[in-house]
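In what follows, a single structure is set out as structure tokens and then discussed.
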Amino acid sequence: MADRTLDASGLRCPMPLLKTKLELNSMSPGQELEVIATDAGSARDIPAFLRLSDHELVSSSEQGGCFIFVIKCGG
């Protein structure tokens, strides 16, 4: 179970990614954030951002047009 959930449904690129970055900046290392997005660009943008950051992509999935990411906040 994630510590926080960010519902970015209905937001268009780049807003899901920007809101994800802001939320992670306000979290402590080790906490988990669940992100729910409907913009297909999120499936590419969020994992690409995480590869360049200290944060870890725990899981990602797609369910009924929603992209769901679980991210562990890094240090």
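If you number the sequence shown the way numbering that gives the first Met the number 0 does, the last residue is 74 and the count never jumps. Cβ coordinates follow ideal geometry from the N, Cα and C atoms, glycine included.
{"Asked": "Minimum C-alpha distance to ASP38 - residue among PHE68, SER27, ASN24", "Found": "PHE68"}
{"Asked": "MET14 versus SER25 - alpha carbon distance", "Found": "17 Å"}
{"Asked": "DSSP-derived helix/strand/coil call for ARG3", "Found": "strand"}
{"Asked": "LEU21 beta carbon less than 8 Å from that of ARG3", "Found": "no"}
{"Asked": "Cβ neighbours of PHE66 in the same chain (closer than 6 Å, five flanking residues each side left out)", "Found": "ALA36, SER41, ALA42"}
{"Asked": "Straight-line Cα distance separating ASP44 from ARG11", "Found": "12 Å"}
{"Asked": "Given ARG50 as reference, the closest of ALA7, MET0, CYS72, GLN30 once Cα atoms are compared", "Found": "CYS72"}
{"Asked": "ALA7 classed as buried or exposed, judged by whether at least 16 other C-beta atoms fall within 10 angstroms", "Found": "buried"}
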